[in-house]
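Asks: Shown below is the structure under consideration.
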Amino acid sequence: EVLPLKQPFKLKPTSLPPFPSQAQAERWSASLQAVLDQPPASLPLRVMLGGILFTATFITWAYLGTMNEISRAQGELIPQNDTYEIHPTEMGKISSIAIQEGNWVKPGQVIVELDSQLALNEVNRLQQRLSALRIELSQQQGLLGQLQSEAQTRRAIAQAQIEAQEASIHQVKTRMAGNQELLRRLQTEMQASQARLQTLEPLSGQVDNLLQQLQTDKAAAQERVDRLQPLVEEGALSKDLLYQAEQSMRDRQQAIVAGATCSGKIAPGSKFFRS
Numbered sequence: 018e019v020l021p022l023k024q025p026f027k028l029k030p031t032s033l034p035p036f037p038s039q040a041q042a043e044r045w046s047a048s049l050q051a052v053l054d055q056p057p058a059s060l061p062l063r064v065m066l067g068g069i070l071f072t073a074t075f076i077t078w079a080y081l082g083t084m085n086e087i088s089r090a091q092g093e094l095i096p097q098n099d100t101y102e103i104h105p106t107e108m109g110k111i112s113s114i115a116i117q118e119g120n121w122v123k124p125g126q127v128i129v130e131l132d133s134q135l136a137l138n139e140v141n142r143l144q145q146r147l148s149a150l151r152i153e154l155s156q157q158q159g160l161l162g163q164l165q166s167e168a169q170t171r172r173a174i175a176q177a178q179i180e181a182q183e184a185s186i187h188q189v190k191t192r193m194a195g196n197q198e199l200l201r202r203l204q205t206e207m208q209a210s211q212a213r214l215q216t217l218e219p220l221s222g223q224v225d226n227l228l229q230q231l232q233t234d235k236a237a238a239q240e241r242v243d244r245l246q247p248l249v250e251e252g253a254l255s256k257d258l259l260y261q262a263e264q265s266m267r268d269r270q271q272a273i274v275a276g277a278t279c280s281g282k283i284a285p286g287s288k289f290f291r292s
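In this text, residue positions in the sequence shown follow this note's numbering: the first is 18, and each later residue adds one.
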């Protein structure tokens, strides 16, 4: 497909190599001038042989040659004949070597054997340590059992104390209820006493008058007894009259004591009760 031109353009003249001048051609030899003017007939054969030789060489190199590939990897390059250091996972003394110098080794192959005495000593030490730890564990378990027993005993004692305190609280509450009931009774009795006192207050004046009358009667009876006492002793009067006078005085005295007790002016144990 031929595409049309969108805009015209001009061809620029190219610079060609100048032909040798006549003076240069005169300086060349006749054989060189002949070669330049007409190449030899063996040139195509030589070019073909060169191409065949280059092709054979390239095919031989491609088949037998190697190509160096560049790649990146982490690690350490060690020359083939250099010594490679190996490091065991555990330190120890070498007891035997399983290979000789120059032998090929594979991954996982035993190279050397280490002396197991150090490992055995370490195992014995660890076993002794394990036995000591087991003894310590048994001691700790015994101590833990003792502590648990003491804790249970303390818990039981605390529970008993709590129950005793609850019983004491219940007794105190019962006593408080009884005291409150007693207080209510005392308040009721006090109210009754106050009512009785209010009822007896109008009679206090009459009681005082009666006590004064009784005191007067008692004094008269005492005077009569005093007058009759000598006469009875002399035999002028009989003892019955003296007894009657004394009985009358005692009646007056008892009436005075009873009236004074009712009015609250004397207390039991006074001289009236001791008479």
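By construction, the Cβ of each residue, glycine as well, lies at the ideal position given by its N, Cα and C atoms.
Please read these numbers as outputs of a predicted model, since none were measured by experiment.
Less than 8 Å between C-beta atoms, sequence neighbours within five positions excluded: which residues of the same chain meet that for V242?
Replies: L259, A262, E263, M266
Asks: What is the rounded straight-line gap between the Cα of L231 and the Cα of Q271?
Replies: One C-alpha to the other measures close to 10 Å.
Asks: Can you tell me which of R269, E206, V249 puts its alpha carbon nearest to the alpha carbon of K235?
Replies: R269
Asks: Would you mind reading off the limits of the beta strand (DSSP E) that contains I114?
Replies: First-last of the beta strand (DSSP E) with I114: 111-114.
Asks: Decide if V274 is buried, meaning its Cβ has at least 16 other Cβ atoms within 10 Å, or exposed.
Replies: Burial of V274 is indicated by the presence of at least 16 other C-beta atoms within 10 angstroms of its C-beta.
Asks: Around the C-beta of Q24, are 16 or more other C-beta atoms found within 10 angstroms, so that it is buried, or is it exposed?
Replies: Its pLDDT being 46, under 50, Q24 is placed unreliably by the model, and the measurement read from it follows with that caveat. Exposed, by the Cβ-count rule.
Asks: Alpha carbon to alpha carbon, how far is Q134 from T106? Give it in angstroms, no decimals.
Replies: 16 Å
Asks: Report the three-state DSSP secondary structure of I273 (helix, strand or coil).
Replies: Helix, per DSSP.
Asks: Okay, do the stretch 134-154 and the stretch 102-116 touch, 3+ Cβ pairs below 8 Å being the bar?
Replies: yes
Asks: Quick one: residues in its chain with C-beta nearer than 6 Å to the C-beta of Q239, no 5 flanking neighbours on either side, listed in chain order?
Replies: M266
Asks: Could you have a look at E167 and say whether DSSP puts it in helix, strand or coil?
Replies: Reduced to three states, the DSSP call for E167 is helix.
Asks: Rounded to a whole number of angstroms, what is the C-alpha to C-alpha distance between A163 and A149?
Replies: Reading off the sequence, residue 163 comes out as Gln, not Ala. So the two alpha carbons sit approximately 21 Å from each other.
Asks: In three-state terms, what does DSSP make of E130?
Replies: strand
Asks: Under the three-state reduction of DSSP, which class applies to R89: helix, strand or coil?
Replies: coil
Asks: In whole angstroms, give me the CA-to-CA distance for R352 and E206.
Replies: This structure cannot speak to residue 352, because the chain is shown only from 18 to 292.
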